Amino acid sequence: MAKPRLHRVAVLVLEGAKPLDVGIPAQVFTTRQSMPYEVRVCGAAPGPVSGGDGLSYHVADGLEAFDWAETIFIPGYRHPDREDPPAAVVDALRAAHERGARLAAISTGAFALAATGLLDGRRATTHWHYTRALAARHPLVEVDENVLFVDEGSLLTSAGAASGIDLCLHLVRRDHGVALSNHVARRLVAAPYRSGGQAQYVPRSVPEPLGDVFAATREWALRHLAQPLTIGDLARHATVSPRTFSRRFVEDTGYTPMQWVLRARVDLARELLERSELGIEQVATAVGLGTGANLRLHFQRILGTSPSEYRHTFRRSSDG
1 MAKPRLHRVA VLVLEGAKPL DVGIPAQVFT TRQSMPYEVR VCGAAPGPVS
51 GGDGLSYHVA DGLEAFDWAE TIFIPGYRHP DREDPPAAVV DALRAAHERG
101 ARLAAISTGA FALAATGLLD GRRATTHWHY TRALAARHPL VEVDENVLFV
151 DEGSLLTSAG AASGIDLCLH LVRRDHGVAL SNHVARRLVA APYRSGGQAQ
201 YVPRSVPEPL GDVFAATREW ALRHLAQPLT IGDLARHATV SPRTFSRRFV
251 EDTGYTPMQW VLRARVDLAR ELLERSELGI EQVATAVGLG TGANLRLHFQ
301 RILGTSPSEY RHTFRRSSDG
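In terms of the UniProt record's numbering, the sequence shown has 49 at position 49, counting the first letter as 1, and numbering is strictly consecutive.
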């Protein structure tokens, strides 16, 4: 069987680039046996690039990497509200998008993407500290300060560095399904998924040290999806009241507990459809959705497709 062609990813390093923002897409889409991606790190020109936080970079490629790339990441950089990136970078990003490349900005990389004009009239986000500056500098962009990432098809933006992981996992899932996305999340020791609509910054007067408890409860729920699960069951596992559990769960994940359980069940169904020969009714039972009709209903509502078509699509893509 012919090996599937690797999706080509370029990571753009601008002056003042933030180390985590550069490292996240470079590591998520790393060229390795288990990943159908190939990565190049580039700059406005080959050679040294001054970074932020006391680090510098040496990139092998310049903007010619855009001609090669199918997805281009624009990591965040220091002082994005003071001036736009070099005109050559802005023009190259615009030309790459016109050729069909997907552009994804992490954190303040949204300023460079907005400088192309491609975000005009579209939703976008950036780190919460810079949302007002982005709206002021690019008033035609619909800046949403209350989300982790925004998917506008071929143009994507995310908030701070950690939400860059969420955006990358979202793209892996979009490209190759939930099984590979979960594999990457396990490799990174990251949450398999968080809602893109989750608030990126929730101020609290008194921090509540329940993060580990709630993470353990989510892990427990993932192991018991085939069983009936209620808010009461989850709250008892977390040893808090259902009211406290529901409130904190929304803050931690962006979903109500039962919305999260439903999406977890659909995601497990996706993985079974990708990797097993189980029939639709068997999959529905295995993930706690009861019947094939129920599975089809939730698949259509959440994914806009049927379980059978989903299986066909990802079997076809995995066959290359």
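Ideal Cβ positions, reconstructed from N, Cα and C, are used throughout, including at glycine.
What you are looking at is a predicted structure, and each value in this text was computed from that prediction instead of being measured.
>> Measuring only the C-alpha atoms, how far is Thr125 from Pro75?
In response: 13 Å
> Which residues in the same chain as Val184 place their Cβ atom closer than 7 Å to its Cβ, once the five residues preceding and following it in sequence are excluded?
Replying inline: Val28, Leu169 and Val172
> Exposed or buried, what is Leu295 when buried is set at 16 or more other beta-carbons lying within 10 Å of its beta-carbon?
Replying inline: buried
>> With the cut-off set at 8 Å, would you say Phe245 and Thr256 are in Cβ contact?
In response: no
> If you draw a straight line from the alpha carbon of Glu15 to that of Asp151, how long is it in whole angstroms?
Replying inline: 26 Å
>> Buried or exposed, going by whether 16 or more other CB atoms sit within 10 Å of the CB of Leu55?
In response: exposed
> Quick one: is Phe66 near chain C, going by C-beta distance under 8 Å?
Replying inline: The structure shown has no chain C; it contains just one protein chain.
> Hey, Pro86 and Ala44: beta-carbon distance below 8 Å or not?
Replying inline: yes
>> Give me, in chain order, the residues of the same chain whose beta-carbon lies closer than 7 Å to that of Leu268; leave out the 5 immediate sequence neighbours on both sides.
In response: Leu225 and Val287
> Among the residues of its own chain, which have a CB less than 7 Å from the CB of Leu222, if the five just before and after it don't count?
Replying inline: Ala264
> Helix or strand or just coil, what does DSSP make of Ser241?
Replying inline: coil
> Between Ser34 and the rest of its own chain, which residues show a CB-CB distance below 7 Å, the 5 nearest in sequence each way excluded?
Replying inline: His183
> How should His138 be labelled, buried or exposed, when 16 other C-beta atoms within 10 angstroms of its C-beta is the threshold for buried?
Replying inline: buried
> Which residue from Thr217, Arg236, Glu70 and His298 puts its Cα closest to that of Thr253?
Replying inline: Thr217
> Using the C-alpha atoms, what's the distance from His312 back to Leu289?
Replying inline: 21 Å
>> Taking the straight line between their C-alpha atoms, what separation do you get for Gly117 and Ala105?
In response: 14 Å
>> Rounded to whole angstroms, what is the Cα-Cα separation between Val49 and Val59?
In response: 7 Å
>> Is it buried or exposed, Gly47, if we count other Cβ atoms within 10 angstroms and call 16 or more buried?
In response: exposed
>> For Met258, tell me which candidate among Ala133, Glu145, Glu281 and Gly232 has the shortest Cα-Cα distance.
In response: Gly232
> Taking the alpha carbon of Pro228 as the point to measure from, which residue in Thr239, Leu262, Arg243 and Arg247 has its own alpha carbon closest?
Replying inline: Leu262
>> Mapping the DSSP letters down to three states, classify Phe214 as helix, strand or coil.
In response: helix
> What are the boundary residues of the beta strand (DSSP E) that Val39 is part of?
Replying inline: Tyr37 to Gly43
> Which class does Glu64 belong to by DSSP, given the choice of helix, strand or coil?
Replying inline: coil
> Is Val9 near Val22, with beta carbons less than 8 Å apart?
Replying inline: no
>> Give me the residue from Arg270, Asn146, Val89 and Ala88 with the minimum Cα distance to Ser181.
In response: Arg270
> Mind pulling the beta strand (DSSP E) runs of 3 or more residues that sit fully within the stretch 65 to 145?
Replying inline: 71 to 74 and 102 to 105
>> Considering just the uninterrupted stretch of the beta strand (DSSP E) at Ala226, what are its terminal residues?
In response: Neither: Ala226 is in no beta strand (DSSP E) and is coded neither H nor E.
>> Taking the alpha-carbon of Ala114 as reference, which of Ala101, Asp81, Glu274 and Asn146 has the nearest alpha-carbon?
In response: Asp81
>> Restricting to runs no shorter than 3 residues, where is the beta strand (DSSP E) found entirely within the stretch 231 to 288?
In response: none
> Excluding sequence positions up to five away, which residues of its chain have a Cβ less than 8 Å from the Cβ of Asp53?
Replying inline: Lys18 and Pro19
> Going by the C-beta, is Asp91 closer than 7 Å to any heavy atom of the ligand ADP?
Replying inline: With respect to the ligand ADP, the structure shown offers nothing to examine, as it has no ligands at all.
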